[in-house]
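Peer 1:
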Amino acid sequence: MSEKVKVTIDGITVEVDNGTTILNAARQIGGDIVPPAMCYYSKLQGSGGKCRTCIVKVTKGSEKDPRPMPKLVASCRTTVMDGMEVLNITSPEVLEARAGVVEILLINHPLDCPVCDQAGECDLQNLGYEHGLQKTRYEFERRTFERIDIGDKIQLHMNRCILCYRCVFTADQITNKRVHGILNRGDHSEISTYIQQAVDNDFSGNVIDVCPVGALTDKTFRFKNRVWFTKPVDAHRNCDHEKCNGKVTLWYKGEDVLRVTARKDQFGEVEEFICNTCRFDKKATSDWVIEHPTHIDDTSVIASNHYETLKPLPVIKPNAALQAANEIELHKTVKY
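Heads up: the sequence shown at position 100 corresponds to 100 in full-length UniProt numbering, and the numbers run straight through without jumps.
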């Protein structure tokens, strides 16, 4: 049995296993105190430490060494110590720094939300709404790229990419022969395939699910509908692929299945990777065993059209007394 340590985050104390990161400790508490994570993915080895959106302030290092850490730290890379005290949403310094990180992430990001298929379930869109500025201070030319197909079902919009490396780590785990990665260095870094090869392995579609910003999109779903107009339903099938468990989310518009995705947990992370056959080829209800409506967080824009939470609009009846009083006040103030 592993040793337990206590850590306090925004005034809430939780006991976790020794070696747990601050981010995962916050996730055990849940709620608003969980730092956002654009690059970290618990299912992907090596992920995290790149986007800096999860930064927090450590005001007490541990019981043995109570000195605070001199700078803000990435919660996805910093392990907890017994007696550690951390501030996230209760620290103005953290919120100001996070707003600065979001501003940097948006420097080269195009204003594609009205036409982007990721809108409504985009991590950067949510962060921009919570912490972003109303206008940019960046006055220089933005870097731009052409849209390219990196597979027969996947399109890359490099203009939207924040270089989180999630798609690269996913490819490392689902295939022994990765054919895409990060090319060049610094501001010239970009996602690309090697020698114009196509991403064509049986699990390539999972890079779409892990992308937080819509840089990798499903060509079979492009411009078909907004996610908040669809209704997600959990389903499963007996998949012939030994590495695929066949558990998915079907996104319905009426009686039509518009897309199939892997199931995700409350933090937006894929529970189990699914094969391309389940994702792209099985889009008929008869292909699946329907389980139940997918649980959607009430704060999600998708929940506004979800039949689990959909409520009829209140009937607003005219108030005759209020209308009469308004007319009297109007005659008092208006001179004819």
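Each residue gets a CB set at the ideal place from its N, CA and C atoms; glycine is no exception. Note that the coordinates shown come from a computational prediction; the quantities given were computed from them, not determined experimentally.
1. Using 10 angstroms around the beta-carbon of V227, count the other beta-carbons present and answer buried if the total reaches 16, otherwise exposed.
2. Closer than 7 Å by C-beta to R52: which residues in its own chain qualify, once you throw out the five before and the five after it? Chain order, please.
3. For the structure I just gave you, are there three or more beta carbon pairs, one from the region 126 to 134 and one from the region 92 to 111, closer than 8 Å?
4. Along the beta strand (DSSP E) that carries residue 337, what are the first and last residues, could you check?
5. Residues in its own chain within less than 7 Å of E63 by CB, not counting five upstream and five downstream?
6. Taking only runs that begin and end inside the UniProt domain "2Fe-2S ferredoxin-type" (3 to 92), name each unbroken beta strand (DSSP E) of 3 or more residues, in chain order.
7. Answer yes or no: do V168 and G186 have a C-beta to C-beta separation smaller than 9 Å?
8. Tell me the rounded alpha-carbon separation between I148 and V289.
9. Per DSSP, what are the beta-bridge partners of T193 in this structure?
10. Would I22 and V115 qualify as a contact pair, given that the criterion is a beta-carbon distance under 9 Å?
11. Using the Cα positions of T175 and G48, report the straight-line distance between them to the nearest angstrom.
12. Just mark F140 as buried or exposed, buried being the case when its beta carbon has 16 or more other beta carbons within 10 Å.
13. What do you get for A37, buried or exposed, if any count of 16 or more other CB atoms within 10 angstroms of its CB means buried?
14. Starting from I154 and walking both ways along the beta strand (DSSP E), at which residues does that stretch end?
Peer 2: Well, looking at it:
1. Along the sequence shown, read from residue 1 onward, the residue named residue 227 stands at position 227. Looking at its Cβ environment, which holds 16 or more other Cβ atoms inside 10 Å, V227 is buried.
2. For this step, residue 52 is matched to residue 52 along the sequence shown. Answer for R52: A74 and V101, listed in chain order.
3. yes
4. Any property of residue 337 remains undetermined from this structure, which presents the chain solely from 1 to 336.
5. Taking the first residue of the sequence shown as 1, we reach residue 63 at position 63. So the list reads D82 and G83, once near-sequence residues are dropped.
6. 4 to 9, 12 to 17, 55 to 60 and 84 to 87
7. Counting from one through the sequence shown, the residue named residue 168 turns up at place 168. Counting from one through the sequence shown, the residue named residue 186 turns up at place 186. It is not a contact, given that the beta carbons lie outside the stated cut-off.
8. Walking along the sequence shown from the start, residue 148 turns up at place 148. Walking along the sequence shown from the start, residue 289 turns up at place 289. Cα to Cα, I148 sits roughly 35 Å from V289.
9. To locate residue 193, count along the sequence shown from 1; it is residue 193. In the DSSP output, where bridge partners are listed per residue, T193 has H180.
10. Working through the sequence shown from its first residue, we reach residue 22 at position 22. Working through the sequence shown from its first residue, we reach residue 115 at position 115. Not closer than 9 Å, so no.
11. Residue 175 sits at position 175 when you count from the first residue of the sequence shown. Residue 48 sits at position 48 when you count from the first residue of the sequence shown. Going by the C-alpha atoms only, they are around 21 Å apart.
12. Taking the first residue of the sequence shown as 1, we reach residue 140 at position 140. F140 is exposed by the Cβ-count criterion.
13. By one-based count along the sequence shown, residue 37 stands at place 37. A37 should be labelled buried.
14. Here residue 154 corresponds to residue number 154 of the sequence shown, with the count starting at 1. I154 to L156 is the extent of the beta strand (DSSP E) around I154.
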